[in-house]
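Engineer: This structure is in structure tokens; I'll ask about it shortly.
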Amino acid sequence: MYQLFFHLLVLLFIVSGLNAQCFTSPGNPIAGASNVGNMNKKVLRINFYNRYGYSDQYYHGSQPHPYSLYEKAKYNYVGNTLAYGITDRTSIDIETGYFINKTLKYNNSIGLNKSTISGSGLTHSVLSLKRNLFHEPIRKIKWTMGIGAKIPLRFEPQSKEGSELPIDAQPSMMSYGTVLQSYFIKENSMYSYRIFLINRYEYHFKNANDFKYGQALYNALFYSKKLYITWPKTIENITLIMQIRNEFRTRNHNYYLDNSEIKASGSNLLFVVPQINYSIGETWNISFLVDIPVYSYYNETQLAQKYSFSFSLNKDIIFK
């Protein structure tokens, strides 16, 4: 137990209108759906995940705020990642996502002639190339870097009943971007645990509506422990994972406005994420995780994420 506590202490991580912002890009998860580093040569990993999020409380800075344009908001997002090992040190990834729904429920007390509005559809794809830069098999240390292009799968705003949906309900950012990633892994076979650090940076270009989403930086530290060392063989395929994740976003910009910077956008969030994984054979993995916010700071007044949870299923296919 003291080892787990020590490793967690190592960590120091890391849309618009009415002066308040809802969640503008939920359902773009870094955790639970990422391939940890590069794949081995001729190995294909298929990873499917489903993520659900819910919000019903506004924050101003780090404190709850009574402002309430939306009574609540929720989303249901599905994603898929394909990763293939070109060589033992180089692999290619393709990420794709789809919002089943991205729903906003207005607060009736503000007098709008609306109740609930919802968007759905494809979001974007990310095509990445990853390269293992350092591998020390004796000490079981690996460091992998990746670079990718974020490609929107929708270029025009979604409309319903003749009206364009607010930006908070749009399923896609409708803009290109770049993605940089880093994966550091340390394993200990004797005690059957792994420590890995994932860093991901996203830069978004201005879309066709002269709207530019802020930059995003994600830093996540994981500690995973297989149970078969000290537990009965009946549950030897279970792995417990604890994650601490920081999500930092800069402000958005709307270049139709004289002052393009959107004050009520951007945030600095810290989550604790417990996860359980079950392995079937050598190639199937089923995971469930819950994002629990432990610190939230939002610029101006924004609708804060209350919780989210994800289910993922992945399969490795080995081409001989």
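Taking this note's numbering, I'd label the letters of the sequence shown as residues 6 to 325.
Each residue gets a CB set at the ideal place from its N, CA and C atoms; glycine is no exception.
Once DSSP output is grouped into helix, strand and coil, what is the label at S39?
Structural biologist: With a pLDDT of only 49 at S39, under 50, the local geometry of the prediction cannot be trusted, and the value read off the model is given with reservation. Coil.
Engineer: Output needed for Y312: all residues of its chain with C-beta closer than 8 Å, excluding positions within five of it in sequence on either side, in chain order.
Structural biologist: Same-chain partners within the cutoff: G58, Y59, V295, D296, I297 and P298.
Engineer: Going by beta-carbon coordinates alone, are T149 and K135 separated by less than 7 Å?
Structural biologist: Yes, these two residues count as a Cβ contact at 7 Å.
Engineer: Does any C-beta atom of chain C lie closer than 7 Å to the C-beta of K79?
Structural biologist: Note that chain C does not occur in the displayed structure, where there is just one protein chain.
Engineer: What is the DSSP secondary structure of D263, reduced to helix, strand or coil?
Structural biologist: The answer is coil: DSSP assigns D263 none of H, G, I, E or B.
Engineer: For a test of the three-state rule: what should DSSP assign to N113, helix, strand or coil?
Structural biologist: In this structure, N113 counts as helix in the three-state DSSP scheme.
Engineer: Measure the C-alpha to C-alpha separation of F189 and M247 and round it to an integer number of angstroms.
Structural biologist: Whole-angstrom Cα-Cα distance: 16 Å.
Engineer: Under 7 Å between the Cβ atoms of Y341 and K155?
Structural biologist: Outside the shown range of the chain (6 to 325) lies residue 341, about which nothing can therefore be said.
Engineer: Kindly indicate which three-state DSSP category I143 falls into: helix, strand or coil?
Structural biologist: Residue state, collapsed to three classes: coil.
Engineer: Please state whether the Cβ-Cβ distance between D321 and T288 is less than 7 Å.
Structural biologist: Yes. Within cutoff.
Engineer: What's the gap between the Cα of K211 and the Cα of T255?
Structural biologist: Whole-angstrom Cα-Cα distance: 14 Å.
Engineer: Can you tell me whether L147 is buried or exposed? The criterion is at least 16 other CB atoms within 10 Å of its CB, across all chains shown.
Structural biologist: Residue identity check: residue 147 is Lys in the sequence provided, not Leu. Counting Cβ neighbours within 10 Å, K147 comes out buried, since at least 16 surround it.
Engineer: Report the CB separation of I97 from I91 in whole angstroms; it is logged as a contact under 8 Å.
Structural biologist: The Cβ separation is near 6 Å, so the contact holds.
Engineer: Quick check on N333: buried or exposed, where buried means 16 or more other Cβ atoms within 10 Å of its Cβ?
Structural biologist: Past the edges of the chain, shown from 6 to 325, lies residue 333, and the structure says nothing about it.
Engineer: Mind checking which residues open and close the beta strand (DSSP E) that includes I162?
Structural biologist: Rather than Ile, the amino acid found at residue 162 in this sequence is Pro. Looking at the DSSP string, P162 is not in any beta strand (DSSP E), and its letter there is neither H nor E.
Engineer: Would you kindly report the start and end of the unbroken beta strand (DSSP E) that includes M178?
Structural biologist: Where M178 is concerned, there is no enclosing beta strand (DSSP E), given that its DSSP letter is neither H nor E.
Engineer: Can you check whether the CB of G124 is closer than 7 Å to the CB of L170?
Structural biologist: Closer than 7 Å, so yes.
Engineer: Quick one: grab the DSSP three-state call for M247.
Structural biologist: Three-state result, M247: strand.
Engineer: Considering just the uninterrupted stretch of the beta strand (DSSP E) at N85, what are its terminal residues?
Structural biologist: N85 -> beta strand (DSSP E) spans Y75 to G90.
Engineer: Name the residue from Y63, Y283 and E100 whose alpha carbon lies nearest to the alpha carbon of Y89.
Structural biologist: Taking only the C-alpha atoms, the option nearest Y89 is E100.
Engineer: Determine the DSSP secondary structure at S284, reduced to helix, strand or coil.
Structural biologist: In the structure shown, S284 sits in a strand (DSSP, three-state: E or B).
Engineer: Starting from D296, trace the beta strand (DSSP E) in both directions and tell me its first and last residue.
Structural biologist: Segment W289 to A309, the beta strand (DSSP E) holding D296.
Engineer: Going by the beta-carbon positions, is the gap between L308 and Y75 smaller than 7 Å?
Structural biologist: Cβ atoms of L308 and Y75: closer than 7 Å.
Engineer: Would you give the residue range spanned by the beta strand (DSSP E) that G271 belongs to?
Structural biologist: Careful: G271 lies outside any beta strand (DSSP E) and carries neither H nor E.
Engineer: Taking only three categories from DSSP, how would you classify P157?
Structural biologist: DSSP places P157 in strand when its eight states are reduced to three.
Engineer: For a test of the three-state rule: what should DSSP assign to N33, helix, strand or coil?
Structural biologist: Since pLDDT at N33 reaches only 40, below the 50 mark, its modelled position is unreliable, and the value read off the structure follows with that caveat. Residue state, collapsed to three classes: coil.
Engineer: Do I249 and N257 have their beta-carbon atoms positioned less than 7 Å apart in this structure?
Structural biologist: No; because the gap between Cβ atoms is not below 7 Å, this pair is not in contact.
Engineer: Which same chain residues, not among the five before or five after K79, have their C-beta less than 6 Å away from its C-beta?
Structural biologist: Contacts found: Y59 and T108.
Engineer: Have a look at the DSSP bridge pairing and note the partners of G66.
Structural biologist: According to DSSP, G66 bridges with Y303.
Engineer: Thinking C-alpha only, which one of S133, R159, G182 and N224 is nearest M44?
Structural biologist: The shortest C-alpha separation from M44 is found at S133.
Engineer: Taking Cβ positions, are E252 and L226 nearer each other than 7 Å?
Structural biologist: No, they are not a contact pair.
Engineer: CA-CA distance, H140 and G42?
Structural biologist: Cα to Cα, the separation comes out at about 11 Å.
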